[in-house]
Amino acid sequence: GEDVEQSLFLSVREGDSSVINCTYTDSSSTYLYWYKQEPGAGLQLLTYIFSNMDMKQDQRLTVLLNKKDKHLSLRIADTQTGDSAIYFCAETEGGSTLGRLYFGRGTQLTVWP
Amino acid sequence: DTAVSQTPKYLVTQMGNDKSIKCEQNLGHDTMYWYKQDSKKFLKIMFSYNNKELIINETVPNRFSPKSPDKAHLNLHINSLELGDSAVYFCASSQDTTGPTDTQYFGPGTRLTVL
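Here's what the structure looks like:
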């Protein structure tokens with residue numbers, strides 16, 4: 022469960038959609054998460070998806086999960102400059118009840134006006 | 039009111055010193071965590087306590103010693119600081135440890151710089 026991969030940078034224009042991708046390795050991961058980190062701040066949970074779901078939508082956020090390919094994505098519709106931050110994908114350790122989360126290295130999203 | 043707070047926010051110190059970082063949560067949670075985020079933003083868990091008992095202890099030098107005086111507090115003491123300890127340390131808490139309803143809430147971080 023320790024190999025969670027993300028691309029490091031993404032730039033989009035305000036109003037466009039952003040898609041941030043993540044791959045993970047633990048096929049028994051139960052939950053997958055997206056966290057947002059604004060400059061100088063801690064991590065804020067954006068959304069999560071249970072491993073038996075393919076998609077979850079929450080206002081401007083859409084999470085897609087391809088369990089076969091162990092691929093998770095976060096789509097932000099109508100991206101705003103306030104969405105500029107680092108986005109972390111995280112997975113739980115499969116079968117664990119210890120709360121151990123494994124994070125990717127984060128994707129720096131820059132939104133241009 | 040801040041849910042998870044850490045002090046200090048910034049800590050600059052010399053190599054070889056001993057320092058502590060404090061964390062408090064007012065959410066009534068049973069589980070608290072310490073994470074380390076390096077200069078490349080890689081975030082890795084260090085410790086976790088559930089009801090004042092250690093439940094996760096990753097491969098961390100024994101110079102790092104967490105202490106939980108009660109379930110609302112989890113402090114991190116670091117002995118003999120080294121240059122490689124420079125990082126941002128995040129505290130987090132969750133109600134329990136078993137699923138997404140046990141969301142981990144993060145503190146604002148403590149930026150430690152070892153000179």
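In order, the protein sequence lines correspond to chains D and R.
Residues 22 to 134 (my numbering) are what the first sequence spells out, left to right.
Residues 39 to 153 (my numbering) are what the second sequence spells out, left to right.
Think of the CB as a built atom: it goes at the ideal place given N, C-alpha and C, for glycine as much as any other residue.
**Prompt:** Would R/W72 be called buried (16 or more neighbouring beta carbons within 10 Å of its own) or exposed?
**Reply:** Label assigned to R/W72: buried.
**Prompt:** D/L67 by DSSP, collapsed to three states: which one?
**Reply:** Here D/L67 sits in strand by DSSP.
**Request:** Would you mind telling me which residues of chain D sit closer than 7 Å to R/F80, beta carbon to beta carbon, in chain order?
**Result:** R126, listed in chain order.
**Request:** For R/G54, decide whether its Cβ has a neighbour in chain D, counting only Cβ atoms nearer than 7 Å.
**Result:** no
**Message:** At a CB distance below 9 Å, what residues from the segment 28-52 of chain D approach chain R? Give them in sequence order.
**Reply:** L29, T51 and Y52
**Asked** Roughly how far, in whole angstroms, is the beta-carbon of R/V42 from the beta-carbon of R/Y127, given that I think they are within contact range, below 8 Å?
**Response** Contact between R/V42 and R/Y127 is absent: CB atoms are separated by about 13 Å, not below the 8 Å threshold.
**Prompt:** Can you tell me the Cα-Cα spacing of D/R81 and R/G147, whole angstroms?
**Reply:** 27 Å
**Request:** Mind listing, in chain order, the continuous beta strand (DSSP E) runs of no fewer than 3 residues lying wholly within the segment 93-127 of chain D?
**Result:** Under the rule that a run must span 3 or more residues, the beta strand (DSSP E) segments found entirely inside the segment 93-127 of chain D read 106-113 and 122-124.
**Request:** Check the DSSP bridge columns for D/T46 and list the partner residues they point to.
**Result:** According to DSSP, which records beta bridges pairwise, D/T46 is partnered with nothing at all.
**Item:** Bounding residues of the beta strand (DSSP E) (the contiguous stretch that carries R/N113)
**Value:** H111 to I116
**Asked** At least one CB of chain D closer than 7 Å to the CB of R/P146: is that the case?
**Response** yes
**Prompt:** Is there at least one Cβ from chain R nearer than 7 Å to D/G103's Cβ?
**Reply:** no
**Prompt:** Applying the criterion that 16 or more other CB atoms from any shown protein chain within 10 Å of the CB defines a buried residue, is D/D24 buried or exposed?
**Reply:** exposed
**Request:** Would you kindly work out how many angstroms separate the C-alpha atoms of R/Y87 and R/I93, rounded to a whole number?
**Result:** 5 Å
**C-beta neighbour in chain R for D/G22, strict 7 Å** = For D/G22, the predicted structure reports a pLDDT of 48, less than 50, and the residue's modelled location is therefore unreliable. A value from the coordinates is still provided. Taking Cβ atoms only, chain R never reaches closer than 7 Å to D/G22, which makes this a no.
**Item:** Length of the line joining the Cα atoms of R/F85 and R/N113
**Value:** 11 Å
**Prompt:** Counting pairs of Cβ atoms below 8 Å between the segment 93-104 of chain D and the segment 42-57 of chain R, do you hit three or more?
**Reply:** no
**Item:** Of the residues D/G61, D/K88, D/D79 and D/V40, the one placed nearest D/L53, counting alpha carbons only
**Value:** D/K88
**Prompt:** What's the gap between the Cα of D/V132 and the Cα of R/N55?
**Reply:** 41 Å
**Item:** Within 7 Å, strictly: CB atoms of D/T128 and D/S28
**Value:** yes
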